[in-house]
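Colleague: Using numbering that gives the first Met the number 0, you'd call the opening residue of the sequence shown number 0 and step up by one each time.
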Amino acid sequence: MPRNILFIIFIILITVFQISFLFEFSFLRNYVNLILIALVFITVMVNSKAGLIFAIISGLILDFYSPFSFGIYLTALIIPVFIITNLFKKLLARKTIYTLIAAALTSTVIFQIAVLLISNLLFWFNWNEINYTLNIEYLYTLLRQLITHTIIISILFIITNFLSEKLKSKFLISERI
0 MPRNILFIIF IILITVFQIS FLFEFSFLRN YVNLILIALV FITVMVNSKA
50 GLIFAIISGL ILDFYSPFSF GIYLTALIIP VFIITNLFKK LLARKTIYTL
100 IAAALTSTVI FQIAVLLISN LLFWFNWNEI NYTLNIEYLY TLLRQLITHT
150 IIISILFIIT NFLSEKLKSK FLISERI
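1) Would you identify the three-state DSSP class for K48, choosing helix, strand or coil?
2) Closest by CA to I100, which one among I8, L121 and T42?
3) If you draw a straight line from the C-alpha of I78 to the C-alpha of I109, how long is it?
4) Rounded to whole angstroms, what's the CA-CA distance from Y131 to N32? Just pull it up for me.
5) Taking only three categories from DSSP, how would you classify K94?
6) Where does P1 sit, in a helix, a strand or coil, going by DSSP?
7) Does the stretch 35–52 touch the stretch 60–74, meaning 3 or more C-beta pairs lie closer than 8 Å?
8) To the nearest angstrom, how far is it from the Cα of L121 to the Cα of S68?
9) Let me see if you follow: with CB-CB separation under 8 Å, is N125 close to chain D or not?
10) Under 7 Å from any heavy atom of the ligand FAD, does the C-beta of F110 make it?
11) Run the CB neighbour count on S19, radius 10 Å, all protein chains shown included, and call it buried at 16 or more, exposed below.
12) Just how far apart, CA to CA, sit F9 and S57?
13) From Q144 to Q111, what distance separates their C-alpha atoms?
14) Quick one: using the 10 Å Cβ neighbour count with 16 as the cut-off for buried, is S106 buried or exposed?
15) Using DSSP with H/G/I as helix, E/B as strand and the rest coil, what is T84?
16) With DSSP as the reference, label Y30 as helix, strand or coil.
17) State the DSSP-derived secondary structure class of N68, mapped to helix, strand or coil.
18) State yes or no: is the C-beta of L90 within less than 8 Å of the C-beta of L115?
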């Protein structure tokens, strides 16, 4: 039970950090989506249930602070979890840096397409006041976000791999004694 509470606190902290701190810096706001990076990392490295819980809680919090209609971020975060889960079950079974990067790139594109399509669909029905347009600036922002996410997810994988190797070796040494 305490592990679940810590996980929920972690979700809230990442989401609040994204909303309050990263939003203040225009470069970070447009090119780094820590929630999406954490979502991909948790879905791939832990399991899809934890990723889905992360998507629901962070999506609800983001929707409260979003200028969009309620549910856009929630839906846009849940869609990549299902796609990554099915992609990993069928194609990418091993947890390597390449599969994690592929999952991050796929999730970033899917998330951006979902936000774009859902917000424009709701705008078309007059349920949303903000209309995204697909222009060259949007595509450049997406490209920069893909590059930034690739770098961050690679660093996270290397750190996790290093720490897990250190923990495994200490565990094996302590087991022999």
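The beta-carbon is built from N, C-alpha and C at its ideal position, and this holds for glycine as well. Here the structure is a predicted model, which means the values were calculated and not measured.
Modeller: Reading it off the structure:
1) Start at 1 with the first residue of the sequence shown, and residue 48 comes out as number 49. Three-state DSSP puts K48 in a helix.
2) In the sequence shown, the residue the question calls residue 100 occupies position 101. That would be T42, whose Cα lies nearest to the Cα of I100.
3) As a working note, residue 78 is residue 79 in the sequence shown. As a working note, residue 109 is residue 110 in the sequence shown. The straight-line gap from Cα to Cα measures roughly 8 Å.
4) Against the sequence shown, residue 131 aligns to sequence position 132. Against the sequence shown, residue 32 aligns to sequence position 33. Going from the Cα of Y131 to the Cα of N32 covers about 18 Å.
5) Position 95 of the sequence shown, counted from the start, is the residue given in the question as residue 94. In the structure shown, K94 sits in coil (DSSP, three-state: anything other than H, G, I, E or B).
6) Reading the sequence shown from its first residue, position 2 is the one you call residue 1. Helix at P1.
7) no
8) The residue you call residue 121 lines up with position 122 of the sequence shown. The residue you call residue 68 lines up with position 69 of the sequence shown. One C-alpha to the other measures close to 8 Å.
9) Included in the structure is just one protein chain, with no chain D present.
10) This structure lacks the ligand FAD; in fact it carries no ligand of any kind.
11) As a working mapping, residue 19 is identified with position 20 in the sequence shown. So S19 ends up on the exposed side.
12) Taking the first residue of the sequence shown as 1, we reach residue 9 at position 10. Taking the first residue of the sequence shown as 1, we reach residue 57 at position 58. Taking the straight line joining both Cα atoms gives about 10 Å.
13) Within the sequence shown, numbered from 1, the residue matching residue 144 stands at position 145. Within the sequence shown, numbered from 1, the residue matching residue 111 stands at position 112. Cα to Cα, Q144 sits roughly 10 Å from Q111.
14) On the sequence shown, residue 106 is found 107 positions in, with the first residue counted as 1. Under this definition S106 is a buried residue.
15) The sequence position of residue 84 within the sequence shown is 85, counting from 1. Of the three classes helix, strand and coil, the one that applies to T84 here is helix, per DSSP.
16) On the sequence shown, residue 30 is found 31 positions in, with the first residue counted as 1. Three-state DSSP puts Y30 in a helix.
17) Sequence index remark: in the sequence shown, residue 68 carries index 69 (1-based). Reading off the sequence shown, one finds Ser at residue 68, where the question assumed Asn. It is coil, neither helix nor strand.
18) Position 91 of the sequence shown, counting from 1, holds the residue named residue 90. Position 116 of the sequence shown, counting from 1, holds the residue named residue 115. No, the pair does not count as a contact, with Cβ atoms beyond the cut-off.
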